[in-house]
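To start, the structure itself, in structure tokens.
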Amino acid sequence: MSPTPPARRLRLGLPRRVFSQVLLMQVAIAAGVAVLATGLFLAPLSNQLDDQAMRRALAIAQTTAQLPDLAKDLRDTPPSPDGPVQREAERIRKATKAEYIVVMDWRGVRWSHTDPKQIGGIVSTDPGQALAGKEVMEIDSGTLGRSARGKVPLRDSDGTVVGAVSVGIAYDSVRARLIHAIPGLFAYAGGALAVGALAAWLISRRVHRQTRDLAFSDIAALLSEREAMLHGIREGVVALDRTGRIRLVNDEAQRLLGIGEAMVGRSPDEALGAGRTADVLAGRVTGTDLLTVRGQRVLVANRMPTDDGGAVATLRDRTELEQLGRELDSTRGLIDALRAQDHEHANRMHTLLGLLELEMYDDAVDFVGEVVGDHRATAEQVTERIEDPLLAALLVGKATVAAERGVALWVSDRTRLPDRLVDPQGLVTVVGNLVDNALDAVAGKPHARVEVELRAEGRTAILRVRDTGPGIPPEHRELIFTTGWSTKKPPAHRERGIGLSLVRRLAERQGGSATVGEAHGGGAEFTVVLPEALAGPGPEPAVSTVPSAPRTAEEGS
2 MSPTPPARRL
12 RLGLPRRVFS
22 QVLLMQVAIA
32 AGVAVLATGL
42 FLAPLSNQLD
52 DQAMRRALAI
62 AQTTAQLPDL
72 AKDLRDTPPS
82 PDGPVQREAE
92 RIRKATKAEY
102 IVVMDWRGVR
112 WSHTDPKQIG
122 GIVSTDPGQA
132 LAGKEVMEID
142 SGTLGRSARG
152 KVPLRDSDGT
162 VVGAVSVGIA
172 YDSVRARLIH
182 AIPGLFAYAG
192 GALAVGALAA
202 WLISRRVHRQ
212 TRDLAFSDIA
222 ALLSEREAML
232 HGIREGVVAL
242 DRTGRIRLVN
252 DEAQRLLGIG
262 EAMVGRSPDE
272 ALGAGRTADV
282 LAGRVTGTDL
292 LTVRGQRVLV
302 ANRMPTDDGG
312 AVATLRDRTE
322 LEQLGRELDS
332 TRGLIDALRA
342 QDHEHANRMH
352 TLLGLLELEM
362 YDDAVDFVGE
372 VVGDHRATAE
382 QVTERIEDPL
392 LAALLVGKAT
402 VAAERGVALW
412 VSDRTRLPDR
422 LVDPQGLVTV
432 VGNLVDNALD
442 AVAGKPHARV
452 EVELRAEGRT
462 AILRVRDTGP
472 GIPPEHRELI
482 FTTGWSTKKP
492 PAHRERGIGL
502 SLVRRLAERQ
512 GGSATVGEAH
522 GGGAEFTVVL
532 PEALAGPGPE
542 PAVSTVPSAP
552 RTAEEGS
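Take the position in the sequence shown, starting the count at 1, then add 1; the result is the number in our numbering.
Structure, rendered in structure tokens:
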């Protein structure tokens, strides 16, 4: 026999889907509000109907007491079923559909009643207040049962109280009005409940589409996973709402941009300040893999719009990659220089070998001394004027590379820089970028020359790099410092348009400036001013007034 499948247990409780839960809760809320509103309406309705009935009875009693002949008939005629008081009271009772109208004298004896047999008898309730000149409204029981009553004094022409008029409205009619109002009230409540249920269904359908039929537990799990992912990935994420304000910044974006959680709710301009990074995040600069510089970091940004009108921007740190790219460029330059030097060295060795074979020993000695002396003179010229070893080594190496590219690299006679730099690495970056750009600008041109001037004025370092290239047009002299702007074709391993942007940022970070103008005789002249670049005050080295013949890289090759 096949095994009997286990019986399925009935699951009780709330449904799992957001759509069902929202619909159920909203219908329950609508039903609760309808019941509460109905109860709050019914609670005072009974009192209101009682009050209306008593005021109606009082108004009828006041109207009856104002009849001009009623007090005179009460005083001049005896109480009788056929008397004028009874006739007038019954006429008014029938016209107003009151339960009874009782006219009594000052002793409480009835002169009129719905039941003629009660005429001449004492009233069943105390008429004291009415006979004392006061008007009374009350719910009370008498010979005709429970009723809403109004009692007023009856006065003669002199204003003397001679009796009272009591009017009753059957209490059963008041209760009937209340019961008659309940079905209509329930109908209105049911209609309101139906409208509320329809609105709840429409809202739930919208929630169903937006949540994609997920359960609350699924949404909670997705939020937990999102938080873990956003704060765990090594890529910056910045989310913006439809108004362009930051609504989310993960840990990596805070590190890359140098901002904190306090920036949430602000625009990119308010959080980052004016600049390319803010323009990229705000969508004013469009494209893919946009380069931007934030502080000392080179970032690659991509911005993707979202369905709600906002956007999500991702940031990747390319600082190390950019540095590796520059090192690769330098390495390739050195390799090219070494290849050229190897070729030149072979030529010199062949020349030396020929001199030795021809037994021209003195000429061979002079030839070797000249070659070694030229290289030594170039290095000595740099180290005499620049005492910082990093900068001196950089310029010696650049001179060698320049020579192999057919460019004369000069160190100006005005160059004097003591070994008191606060940030040698930063100045090396600035000098290296400017010299590389200058070499690229003049390479392949006749009589190509690059001149470097580095001098100290107090604690301020001033750097000038001049070249004999085509120069920078006036309309481009600010654009060249913009991240990603370049007229050169980028190599495969990195992007262009970073070096000059870094130069200006490094200068501005130290309170300085980086500008470009036209060099004397044509070409470009870059000027970088770095206040507080030197460690402490010191006497400014005297500048030699006797110009010395500049050593060029070409002369040493």
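All residues carry an ideal CB built from backbone N, CA and C; glycine is no exception.
Source: prediction; values computed, not measured.
- Contact annotation, Gly121 with Val104: C-beta distance approximately 12 Å; criterion of less than 8 Å not satisfied.
- The segment 352 to 372 makes no contact with the segment 417 to 433: fewer than 3 CB pairs, one atom from each, lie closer than 8 Å.
- Contact between Ile247 and Val239 holds: CB atoms are separated by about 6 Å, below the 8 Å threshold.
- If you look at Lys95, you'll find it isn't in any beta strand (DSSP E); it sits in the alpha helix (DSSP H) that goes 85 to 97.
- In the DSSP assignment, Phe527 forms a beta bridge with Val466, Val517.
- Contact between Ala54 and Asp157 is absent: CB atoms are separated by about 30 Å, not below the 8 Å threshold.
- Segment contact: the segment 146 to 160 against the segment 88 to 95, fewer than three CB-CB distances shorter than 8 Å; contact not assigned.
- Counting the other Cβ atoms within 10 Å of the Cβ of Ala133 gives fewer than 16, which makes it exposed.
- At least 9 Å separates the beta-carbon of Ala32 from that of Gly146.
- If you draw a straight line from the Cα of Thr287 to the Cα of Arg319, it is about 19 Å long.
- In the DSSP assignment, Glu405 falls within the unbroken alpha helix (DSSP H) covering 390 to 405.
- Distance from the CA of Arg256 to the CA of Asp280, rounded to the nearest whole angstrom, comes to 19 Å.
- Of the other Cβ atoms in all chains shown, fewer than 16 fall within 10 Å of the Cβ of Asp70; this residue is therefore exposed.
- Around the CB of Pro80, 16 or more other CB atoms lie within 10 Å, so the residue is classed as buried.
- Within 10 angstroms of the beta-carbon of Thr307 lie fewer than 16 other beta-carbons, which makes it exposed.
- When DSSP states are grouped into helix, strand and coil, Gly33 belongs to the helix group.
- For Ser502, the secondary structure class from DSSP, reduced to helix, strand or coil, is helix.
- Counted as a single uninterrupted DSSP element, the beta strand (DSSP E) harbouring Ala165 occupies residues 162 to 171.
- Around the beta carbon of Pro269, 16 or more other beta carbons lie within 10 angstroms, which makes this residue buried.
- Here the alpha carbon of Pro532 sits roughly 13 Å from the alpha carbon of Leu455.
- Taking His448 as reference, the option from Glu476, Trp411, Phe482, Thr384 with the minimal CA-CA separation is Trp411.
- Annotation: Ala457 to Gly433 spans about 18 Å, alpha carbon to alpha carbon.
- When the five nearest sequence neighbours on each side are left out, the beta carbons in the same chain lying within less than 7 Å of the beta carbon of Gly524 are those of Arg467, Asp468, Thr469, Gly470, Gly472, in order along the chain.
- When only Cα atoms are considered, Pro390 and Glu360 end up about 42 Å apart.
- Bounds of the alpha helix (DSSP H) holding Lys73 are 71 to 77.
- Cβ-Cβ separation between Gly129 and Arg150: approximately 14 Å, too far for a contact (criterion under 8 Å).
- Taking all protein chains shown into account, Asp51 has 16 or more neighbouring C-beta atoms within 10 Å of its C-beta and is therefore buried.
- For Asp318, the uninterrupted beta strand (DSSP E) segment begins and ends at 312 to 318.
- Pairing Val504 with Ala520 gives a Cβ-Cβ distance that is not under 9 Å.
- The C-alpha of His351 lies about 10 Å from the C-alpha of Glu358.
- Across the structure, Met264 and Ala283 are spaced so that their CA atoms are roughly 14 Å apart.
- The beta-carbon separation of Ala66 and Val166, rounded to 5 Å, stays under the 8 Å limit for a contact.
- Inclusion of Ser113 and Val86 in the CB contact set at 9 Å is warranted, their separation being smaller than that value.
- Rounded to whole angstroms, the separation of the alpha carbons of Gln382 and Phe482 is 31 Å.
- Separation of Arg277 and Pro475 (C-alpha to C-alpha, rounded to the nearest whole angstrom) is 21 Å.
- When only Cα atoms are considered, Ala442 and Leu428 end up about 21 Å apart.
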